[in-house]
Amino acid sequence: MNAAFLYPLTRFIEKTFVITEFELRKLRHDFTELITRALQPALWLLIFGQVFSRGGAMHTGDIPYLDFIAPGILAQSVLFVAIFYGINVIWERDLGIVQKFLASPAPRSALVLGKGFSAGIRSLSQTVIVYSLSLLLGVKLNWSPLALLNVLVIVVLAATLFSTFSLVIACIVKTRERFMGVGQVLTMPLFFASNAIYPTSIMPGWLRTVSHFNPLTYVVDALRTTMLANGTSVFGLGLDYSVILVTTTILVLLGARLYPRLAS
Amino acid sequence: MSDVVLEIKALTRRFGLFTAVDALTLSVNAGEVFGLLGSNGAGKTTTIKMLVTLLPPTTGEALVAGFSITSQSVGVRRAIGYVPQAVSVDGSLTGYENLLIFAKLYDIPHREQKTRIREALEFMGLTADGGRMVGEYSGGMVRRLEIAQATLHRPRVLFLDEPTVGLDPIARDAVWKHLMDLRTDYGTTLFFTTHYLEEAESHCDRIAIMRQGKVDALGTCKELEASLGDGHTLNEVFVHYAGGIMDSGGNFRSVSAERATAQRLG
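Residue numbers (our numbering), protein chains in the order written: chain A, 1 to 264; chain B, 1 to 266.
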């Protein structure tokens with residue numbers, strides 16, 4: 001009885017990992033992508049971060065500006081890569097790969113989450129880069145194993161969230177040209193209406209309200225709490241995790257609904 | 001009594017005001033090789049997409065291996081294999097990996113996976129190439145790998161949309177040889193669409209010619225030739241029933257997709 005009840009769930013998890021496994025196998029054959037991912041956060045930290053940390057241009061309270069934005073740049077680089085993940089799905093649609101997967105008995109939610117999760121694991125390379133640069137720049141990091149584990153989990157979840165969001169967009173717009181346009185339009189508001197590179201306290205009231213509906217804000221808050229030696233949370237780690245998990249779940253369910261549109 | 005494996009009842013699909021498939025009714029027996037012919041835009045691909053549960057019908061119903069495409073879609077998906085017109089294997093994985101992922105998705109027991117994949121590669125004449133990246137395969141090899149992938153779980157019905165588009169005659173012959181072997185060795189029913197009349201003539205038990213979403217002619221090639229009187233070729237039968245080729249539809253997207261496929265395989 002119990003086993004019969006659990007079967008769909010174990011099957012869902014198993015198929016999710018099958019999809020993830022094969023997305024990651026592609027990396028083994030071509031890992032240049034992991035290197036190109038490193039460039040953007042490096043530029044932001046080394047140039048933007050260095051400039052704005054001079055002379056206290058930004059008021060970030062007790063912590064130096066570079067410490068403040070290091071978690072923000074990690075979150076941002078995860079967002080910027082994940083938001084274009086959907087282009088792969090459109091490519092797979094132009095070939096016949098999506099069609100063949102959709103004609104298989106695998107649960108569609110597992111196809112969607114498996115892809116998102118693989119994007120999550122890929123983004124771990126960015127974590128390594130941002131940590132290395134932070135170390136070089138003298139950012140005070142929290143090296144406790146629990147804090148590091150939290151950072152890894154948050155990064156994987158955040159990339160899963162935004163790449164699934166990207167997949168949902170891809171299912172709606174369906175063509176590469178439209179997707180690139182929409183991707184550009186979405187990235188900037190998500191980034192600037194968040195606490196990634198400045199505290200929400202300096203925002204005008206309306207923008208601060210908007211930022212509270214932006215999942216990136218909670219990702220940054222969670223990273224700032226766990227990554228920095230003296231990081232404090234604005235919302236609390238519990239709320240951060242809840243927002244990230246609930247948003248991801250909703251997006252996966254939505255993606256599973258919309259994914260078949262790519263085959264019709 | 002012959003065993004009916006595919007039963008299509010008044011299957012209809014509309015896109016807005018356009019009726020792509022119009023009350024299509026036909027049945028296919030187990031082990032049969034069935035060809036669906038028609039000019040571009042006649043509704044062949046839409047029909048196949050409905051039968052493999054990628055596109056819900058507007059009205060009507062079909063039973064595939066006893067499962068309803070509208071209410072038992074997972075049962076249908078377990079019972080069928082599908083080779084879409086476009087390239088459906090991943091060029092950034094090896095041939096072996098492309099098969100392994102489907103072995104896992106189709107719940108082939110773990111201990112059988114290796115044997116099953118080795119057999120499938122051997123059956124399709126790809127034993128030596130299993131470890132190579134698919135991006136390096138020739139067009140004919142890609143198609144054979146796609147067929148291996150779609151038949152790994154021994155489906156009762158294999159649906160193929162234009163299986164030989166873009167292939168040279170030698171590669172086409174090889175693909176057909178392997179398809180006919182599948183029927184002989186495993187009793188797989190083959191349901192496919194094609195533009196090539198000579199393929200239909202040499203391999204099909206029966207064919208249906210579609211025009212504007214309807215079946216205009218159905219029977220063995222000989223029956224259809226005889227239906228026009230003595231001495232007619234299948235080509236004349238096609239032109240007669242499919243209504244000439246010049247005025248046919250097929251939108252920009254489908255034509256460019258077909259050419260892209262031909263280019264990738266060729």
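Ideal placement from N, C-alpha and C gives every residue a C-beta, glycine not left out.
For the pair A196/A and L66/A, the Cα-to-Cα distance works out to about 12 Å.
Within the model, the alpha-carbon separation for W143/A versus G86/A is close to 34 Å. Counting only residues of its own chain and dropping the five nearest sequence neighbours on each side, E32/B has a CB closer than 6 Å to the CB of T189, D205. Identification of residues in the stretch 128-147 of chain A having a C-beta nearer than 8 Å to some C-beta of chain B yields an empty set.
Under the 8 Å criterion on CB atoms, L95/A is classed as interfacial with respect to chain B. Rounded to the nearest angstrom, the Cβ distance from L105/B to A148/B is 14 Å, too far for a contact under 8 Å. Sequence-ordered contacts of the stretch 21-33 of chain A with chain B read F22, R25, K26, H29, D30 [C-beta pairs closer than 7 Å]. In this model, R25/A and L93/B are separated by some 7 Å (Cα to Cα). In this structure the stretch 153-166 of chain B touches the stretch 75-90 of chain B; the number of beta carbon pairs closer than 8 Å is three or more.
Secondary structure at E198/B: helix, using DSSP grouped into helix, strand and coil.
Look at A208/B here: in three-state DSSP terms it is strand. In this structure, A42/B lies away from A65/B, with their beta-carbon atoms at least 8 Å apart.
The stretch 72-107 of chain B contains, as complete beta strand (DSSP E) runs of 3+ residues, the segments 80-83 (chain order). Around V219/A, no beta-carbon contact reaches into chain B at under 8 Å, the shortest distance being about 29 Å.
I87/A: member of the alpha helix (DSSP H) spanning 86-94, first to last residue.
Contact between the stretch 222-229 of chain A and the stretch 150-167 of chain A is present: three or more C-beta pairs spanning the two stretches fall below 8 Å. Identification of residues in the stretch 102-136 of chain B having a C-beta nearer than 8 Å to some C-beta of chain A yields F102, K104, L105, Y106, D107, M133, given in sequence order. DSSP places G231/B outside both helix and strand once states are collapsed to three, so it counts as coil. When the five nearest sequence neighbours on each side are left out, the beta carbons in the same chain lying within less than 7 Å of the beta carbon of S73/B are those of T53, in order along the chain. The Cβ atoms of I129/A and P41/A lie closer than 8 Å to each other.
Within chain A, the residues P105 have their CB atoms less than 8 Å from the CB of V74/B, given in chain order. The Cβ atoms of L228/A and K140/A lie closer than 8 Å to each other.
The C-beta separation of T193/B from K44/B comes to about 4 Å, placing the pair in contact by the 8 Å criterion. Annotation: the continuous alpha helix (DSSP H) that includes R118/B extends over 110-123. Chain-order list of chain B residues neighbouring P260/A: L54, by C-beta distance under 8 Å.
Residues of chain A whose Cβ lies closer than 8 Å to the Cβ of E97/B are, in chain order, F22, R25. Distance check between T127/A and each of W206/A, Y218/A, L34/A places L34/A closest, using alpha-carbon atoms only. Counting the other Cβ atoms within 10 Å of the Cβ of V243/A gives 16 or more, which makes it buried.
In this structure, the CA atom of T232/A is about 17 Å from the CA atom of I202/A. As summarised for the stretch 170-204 of chain A, the continuous alpha helix (DSSP H) elements at least 4 residues long and confined to that stretch are 176-192, given in chain order.
With fewer than 16 other CB atoms across the displayed protein chains lying within 10 angstroms of its CB, K177/B is exposed. For A103/A, the three-state secondary structure derived from DSSP is coil. At a C-beta separation below 7 Å, L102/A has these neighbours in chain B: L54. Any Cβ of chain A closer than 8 Å to the Cβ of Q85/B would place that residue at the interface, and such an atom is present. Counting C-beta atoms within 10 angstroms of its own C-beta, E223/B has fewer than 16 neighbours from the protein chains shown and is therefore classed as exposed.
For S264/A, the nearest beta carbon of chain B is closer than 8 Å to its own beta carbon.
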